[in-house]
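End of the sequence shown = 1015 in the working numbering, gap-free, step of one. Glycine included, each C-beta is placed from N, C-alpha and C at the ideal position.
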Amino acid sequence: MEALTPLYEVNEALVAMGAEKLNLCMQCGMCAGSCPWRIVDGPFNIRRLIRMAQLGVEGYESDDILYGCTTCNKCVLKCPRGVTIIDVVKAMRAMIAETGAIPGV
């Protein structure tokens, strides 16, 4: 397994782009357990996406997870820390759009 190098600048940029509550996530998994998309696509894991955002790990832009999220809001309703996961997803998508690295384009 390859070691990951956190890029806190990415985390800070996501927070500035609307993901203000990103760093409140404690990785409890309530979001992943409530996500209807995981039933359709087993590997889909919103919790993993949030962790990547917290660490500022690059590579999520090519990940189907980012665009698999339907923003149905079930994860937000289940989050015990009040993390607005949809805002995190939207910020990540916006960051990717700024770089022009949108999958399938």
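Based on Cα-Cα distance, which residue from the options lies nearest to residue i?
i, options, result
"Leu997", "Ala923, Gly928 and Cys985", "A small fix is needed here, since residue 997 is Asp in this sequence, not Leu. Closest option to Asp997, Cα to Cα, is Gly928."
"Val999", "Arg991, Asn983, Pro990 and Glu919", "Asn983"
"Ile956", "Val925, Asn921, Ala926 and Val993", "Val993"
"Asn921", "Gly943, Pro990, Cys941 and Ile960", "Ile960"
"Ala963", "Glu919, Thr1009, Gly1010 and Glu1008", "Glu919"
"Thr980", "Gly966, Arg958 and Pro946", "Pro946"
"Leu934", "Ser944, Phe954, Pro990 and Cys985", "Pro990"
"Tyr977", "Arg948, Leu965 and Glu930", "Arg948"
Could you spell out where the alpha helix (DSSP H) holding residue i opens and where it closes?
i, result
"Gln964", "Ile956 to Leu965"
"Val998", "Ile995 to Thr1009"
"Gly928", "No alpha helix (DSSP H) holds Gly928; DSSP gives it neither H nor E."
"Leu987", "Lys984 to Lys988"
"Gly943", "Met940 to Ser944"
"Arg991", "Arg991 -> no alpha helix (DSSP H), and no H or E assigned at all."
Quick check on residue i: buried or exposed, where buried means 16 or more other Cβ atoms within 10 Å of its Cβ?
i, result
"Leu917", "exposed"
"Gln937", "exposed"
"Val950", "exposed"
"Leu987", "exposed"
"Ala926", "exposed"
"Ala1001", "buried"
Do residue i and the ligand SAM come close, with the Cβ less than 7 angstroms from some heavy atom?
i, result
"Val920", "This structure lacks the ligand SAM, and indeed carries no ligand of any kind."
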